Amino acid sequence: MDKVIIAKDLTLSYNTNETIINQCTFDINSGDFVFITGASGSGKSTLLKSLYGALTPKQGELVVGGVQMNNITSKKLNFLRRHVGIVFQDYKLIKEWTIEKNVMLPLIISGYAKDVSEVQVQKLLTHVKLNHQLGKYPLELSGGEQQRVAMARALAHNPIIILADEPTGNLDDYSSQLIWNLLEGACTQLKTTVVVVTHHIPETMKIDYTHLHIEHGSIYEVS
Amino acid sequence: MKSLKNHFSLIAALFTILFTVQVYKVLDRSISSYEENLRENYSIVVISNSALDNTSMTTKFSLIRSIEVISPEKVIKRLEKEMDKTSLGLLRASLPKFYKLSLEHYPEPSEIEVLSSQLLNMKAIKRVESFSQTHDQIYKLLILYKGVTQIFAFAIFIVTLLLIAKEMRIWQFQHEERMNIMALFGAPIMLRSAVLFRLAILDAIIAATLVLITFAVIVNTGWVEPYFNDINIHITVFNFATDSFVHYGIALSLSVILALMLIVNHKEEV
Numbered sequence: 012m013d014k015v016i017i018a019k020d021l022t023l024s025y026n027t028n029e030t031i032i033n034q035c036t037f038d039i040n041s042g043d044f045v046f047i048t049g050a051s052g053s054g055k056s057t058l059l060k061s062l063y064g065a066l067t068p069k070q071g072e073l074v075v076g077g078v079q080m081n082n083i084t085s086k087k088l089n090f091l092r093r094h095v096g097i098v099f100q101d102y103k104l105i106k107e108w109t110i111e112k113n114v115m116l117p118l119i120i121s122g123y124a125k126d127v128s129e130v131q132v133q134k135l136l137t138h139v140k141l142n143h144q145l146g147k148y149p150l151e152l153s154g155g156e157q158q159r160v161a162m163a164r165a166l167a168h169n170p171i172i173i174l175a176d177e178p179t180g181n182l183d184d185y186s187s188q189l190i191w192n193l194l195e196g197a198c199t200q201l202k203t204t205v206v207v208v209t210h211h212i213p214e215t216m217k218i219d220y221t222h223l224h225i226e227h228g229s230i231y232e233v234s
Numbered sequence: 128m129k130s131l132k133n134h135f136s137l138i139a140a141l142f143t144i145l146f147t148v149q150v151y152k153v154l155d156r157s158i159s160s161y162e163e164n165l166r167e168n169y170s171i172v173v174i175s176n177s178a179l180d181n182t183s184m185t186t187k188f189s190l191i192r193s194i195e196v197i198s199p200e201k202v203i204k205r206l207e208k209e210m211d212k213t214s215l216g217l218l219r220a221s222l223p224k225f226y227k228l229s230l231e232h233y234p235e236p237s238e239i240e241v242l243s244s245q246l247l248n249m250k251a252i253k254r255v256e257s258f259s260q261t262h263d264q265i266y267k268l269l270i271l272y273k274g275v276t277q278i279f280a281f282a283i284f285i286v287t288l289l290l291i292a293k294e295m296r297i298w299q300f301q302h303e304e305r306m307n308i309m310a311l312f313g314a315p316i317m318l319r320s321a322v323l324f325r326l327a328i329l330d331a332i333i334a335a336t337l338v339l340i341t342f343a344v345i346v347n348t349g350w351v352e353p354y355f356n357d358i359n360i361h362i363t364v365f366n367f368a369t370d371s372f373v374h375y376g377i378a379l380s381l382s383v384i385l386a387l388m389l390i391v392n393h394k395e396e397v
C-alpha cells in the first residue's frame, strides 16, 4: 500500500528551544483512517500543522503526499494544499462569503469552471444536508451546520488527505456524529486518507482505524 | 461604516497627493510661461563693424536662436534736415551694424556673461549690451517659489504616503483571516490578495476622478485663469488628456505598489 505520509526522526519545535515532537518515526498509508490523541499541549495540533506545512520540521524528514516538507517552497506548498482538505475546530469559514462560495473556495483555487464548481457544491451541500442553506452566511448557521460546511469544503476538490483538528470539539453529540459519519464516508467511499486530531475517539466508529498517541514528545501506535 | 471610513482615508490621502501634484504642475507651467515671456522680451544688442551671418552665429552659439538687423534708418531720417546727402551717405557707410539677438531660452546671468565675452572675442564685434536687471529679480523670486513648493510637495507626498501605508495595514488586518483561510487551500498569493488589489485600484480611480472633477470645476468657473492673464501668463490649468493620464497613473501605481509591499510583508498565521 502507498504511504501518503512518511515521518522519519521527525523533530518539531516553535522558535523557542522547547521541543514538541522529538525524533518520531511513523507512516500513514493511503486510505487509512488515523486518530492522533494526546493530552492538551502534547503536540497533536503541532504535528497536524507540520502535515499541512504551517510548521517546518526542525530535524528529520517529513513527506506528505510525495512532497518533501523540509524547506518546502511556497509554490510546492500551494500545490500540496490543493490536494489536502483541512477541517478545524473553529471551522475557519470566510464570514463575508455565502455558504456556497465557502464550499466553492478549493474549486476556485484549483481553477475549476464555474458550472462544474456549482454542480459539485450543490452535490456536497446535499451530502451534508445543507443544500437549502447555500445562500446564507456562516454566522447565520449553528456550530454543527458550520462544521458540516467546513467538511463539504474539505471534500470539494477530492483531496488525497483530509486533516481534521478537533473537528467535533465545539459540537453537540448529534452534530458530532454527523461529522464522524462524513469523515468515515470520505475514507470508505472516496478512499481518502483521513487524519484526525482528537481528545476522544468516538465509540461509534464503524471502520478500522489506526490510533497514534503522543506523550512527552514521542509518538507511538496504540494497538 | 467602518469600511467606508477606511476607504475615505485612502481616497483623501491619494486626493491630497494628486492635488499637490496638479498645483505644482500649474506653478511649473506658469513659470515656464513667464520664462517664455522673458525670453521673448530679453534684449541683447550687438554692435559689429561688419555684417554677421545668422546661420554661422546660431551654429557657433547654441544660446542664440536668431539674429535680427536693427535698421539705422530711423536715426538717419532725423538727421536728413540737418545734413546734406553726401554727408548722410558717408554716415551711412561708416555706421556699424546693429543686431538684436533672440535667445533659445531665458538665460542665467552667468550664461549671458559667457556669451558676452565670447561675442566680444570676435574681431568684428565692438559692443554687447543686455537689459535684464528687473527681469532677473522677478525670475529669481519665481524660481525661489518653485523651490519652496517643491519642498512642500515632497513633504506632503511623504506624509500622505505614510498615511496610505497605515490605511492599507488596517485593510490587511481586516482581510488577514480570509487570506489565511485561502492560503490553507493553496491559493497563490495573488489570488489571496485579489480583494486588497481590487480595493486599492477602486480607491485610486475614485481619488483620481475626484481630482479631475475638482479641476474641471476650477477651470469651468474661470476664477484662476484671469489672475494669470493679468500678469500676462497664459497657461492650461488642467489638461484633461495628459493630466488625467498622469493622475490615474500616479494613483494606480502608488496604491498597487503599496498593496504589493503589504502582501510581500504578509506572514501567514494559522
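Line by line, the protein sequences give chains X and F.
Residue 210 in our numbering sits at position 199 of the first sequence; the count goes up by one each step and never skips.
Residue 225 in our numbering sits at position 98 of the second sequence; the count goes up by one each step and never skips.
Ideal Cβ positions, reconstructed from N, Cα and C, are used throughout, including at glycine.
The model shown is predicted, which means the values in this text are computed figures rather than measured ones.
| said: For a cutoff of 7 Å on Cβ pairs, would you count L271 of chain F as touching chain X? | reply: Working through the second sequence from its first residue, we reach residue 271 of chain F at position 144. For L271 of chain F, the answer is no, since every Cβ of chain X falls outside 7 Å of its Cβ.
| task | Using 10 angstroms around the beta-carbon of T179 of chain X, count the other beta-carbons present and answer buried if the total reaches 16, otherwise exposed. | result | Walking along the first sequence from the start, residue 179 of chain X turns up at place 168. Burial call: buried.
| What does P117 of chain X touch in chain F if you count any residue whose Cβ is under 7 Å from its own? | As a first step, residue 117 of chain X must be located in the first sequence, where it is residue number 106. Result: F312.
| request: Please report how far the alpha carbon of K202 of chain X lies from the alpha carbon of W298 of chain F, in whole angstroms. | output: Against the first sequence, residue 202 of chain X aligns to sequence position 191. Against the second sequence, residue 298 of chain F aligns to sequence position 171. When rounded, the distance between both Cα atoms is 41 Å.
| field | Closer than 7 Å to chain F by CB, K55 of chain X | value | The count along the first sequence starts at 1 and reaches residue 55 of chain X at position 44. Chain F contact via Cβ: absent.
| C-alpha distance - I362 of chain F paired with I171 of chain F, whole-angstrom precision | Indexing the second sequence from 1 puts residue 362 of chain F at position 235. Indexing the second sequence from 1 puts residue 171 of chain F at position 44. Straight-line Cα distance between these residues: approximately 27 Å.
| Strand pairing of A175 of chain X, partner residues [DSSP] | On the first sequence, position 164 is the one that residue 175 of chain X refers to. Paired residues: X:V98 and X:V207.
| said: With a threshold of 8 Å, are at least 3 pairs of Cβ atoms found where one atom belongs to the region 176-193 of chain F and the other to the region 215-227 of chain F? | reply: yes
| query | What span of residues does the beta strand (DSSP E) with Q70 of chain X cover, start to end? | reply | Counting from 1 along the first sequence, the entry for residue 70 of chain X is found at position 59. Q70 to V75 is the span of the beta strand (DSSP E), which, as asked, contains Q70 of chain X.
| Assuming L145 of chain F contacts A386 of chain F under a Cβ cut-off of 8 Å, what Cβ separation, rounded to an integer in Å, is found between them? | As a position in the second sequence, residue 145 of chain F is number 18, starting the count at 1. As a position in the second sequence, residue 386 of chain F is number 259, starting the count at 1. With 8 Å as the limit, L145 of chain F and A386 of chain F do not qualify as a contact, their Cβ atoms being about 18 Å apart.
| request: Helix, strand or coil for G228 of chain X, going by three-state DSSP, please let me know. | output: Residue numbering aside, residue 228 of chain X sits at position 217 when the first sequence is read from its first letter. Three-state DSSP puts G228 of chain X in coil, outside helix and strand.
| query | Any C-beta of chain X sitting closer than 7 Å to the C-beta of R305 of chain F? | reply | The residue you call residue 305 of chain F lines up with position 178 of the second sequence. Yes, because at least one Cβ of chain X sits closer than 7 Å to the Cβ of R305 of chain F.
| request: Specify the secondary structure class of G146 of chain X as computed by DSSP and reduced to three states. | output: Taking the first residue of the first sequence as position 1, residue 146 of chain X is located at position 135. Looking at G146 of chain X - three-state DSSP - the assignment turns out to be coil, as it is neither helix nor strand.
| task | Return the residues of the region 70-101 of chain X that lie within a Cβ-Cβ distance of less than 9 Å from chain F, sorted by chain order. | result | S85, K86, L88, N89, F90, L91, R92, R93, H94, V95, G96, I97 and F99
| field | Distance CB(A50 of chain X)-CB(G96 of chain X) smaller than 7 Å | value | Working through the first sequence from its first residue, we reach residue 50 of chain X at position 39. Working through the first sequence from its first residue, we reach residue 96 of chain X at position 85. No; because the gap between Cβ atoms is not below 7 Å, this pair is not in contact.
| request: Kindly indicate which residue of X:L116, X:D38 and X:V160 has the alpha-carbon position closest to the one of K140 of chain X. | output: Position 129 of the first sequence, counted from the start, is the residue given in the question as residue 140 of chain X. The residue with the shortest Cα to Cα distance from K140 of chain X is X:V160.
| Along chain F, which residues have their Cβ under 9 Å away from the Cβ of K103 of chain X? | The residue labelled residue 103 of chain X in the question sits at position 92 within the first sequence. Simply E304, N307, I308, L311 and V397.
| Member of F:M210, F:L269, F:L165 and F:T287 whose CA lies at the smallest distance from the CA of A140 of chain F | For the purposes of this step, residue 140 of chain F is taken as residue 13 along the second sequence, with counting starting at 1. Nearest option by C-alpha distance: F:T287.
| field | Start and end residues, alpha helix (DSSP H) containing T36 of chain X | value | Start at 1 with the first residue of the first sequence, and residue 36 of chain X comes out as number 25. Careful: T36 of chain X lies outside any alpha helix (DSSP H), inside the beta strand (DSSP E) at T30 to N40.
| request: For T137 of chain X, count neighbouring Cβ atoms within 10 angstroms of its own Cβ and tell me buried if that reaches 16, exposed if not. | output: Position 126 of the first sequence, counted from the start, is the residue given in the question as residue 137 of chain X. Classification of T137 of chain X: exposed, given that the 10 Å Cβ count is below 16.
| query | Counting contacts by CB-CB distance shorter than 7 Å, is I16 of chain X in contact with chain F? | reply | As a first step, residue 16 of chain X is located in the first sequence; it is residue number 5 there, counting from the start. Cβ-Cβ to chain F under 7 Å: no for I16 of chain X.
| said: I want to verify the contact list: residues of chain F whose CB lies under 8 Å from the CB of Y185 of chain X, in sequence order. | reply: Locating residue 185 of chain X in the first sequence gives position 174, counting from the first residue. Per Cβ cutoff of 8 Å: no residues; Y185 of chain X is ~26 Å from chain F at best.
| task | Verify the CB distance criterion: does I120 of chain X have a CB-CB separation below 7 Å to chain F? | result | As a working mapping, residue 120 of chain X is identified with position 109 in the first sequence. Yes, contact with chain F.
| said: Give me the residue from F:E200, F:L379, F:E163 and F:K253 with the minimum Cα distance to L323 of chain F. | reply: Translated into the one-based positions of the second sequence, residue 323 of chain F becomes position 196. Of the candidates F:E200, F:L379, F:E163 and F:K253, the one whose C-alpha sits nearest the C-alpha of L323 of chain F is F:L379.
| said: In this structure, how does DSSP classify G212 of chain X when only helix, strand and coil are distinguished? | reply: Counting from 1 along the first sequence, the entry for residue 212 of chain X is found at position 201. Checking the sequence, you will find Ile at residue 212 of chain X rather than Gly. I212 of chain X falls in the coil class under three-state DSSP.
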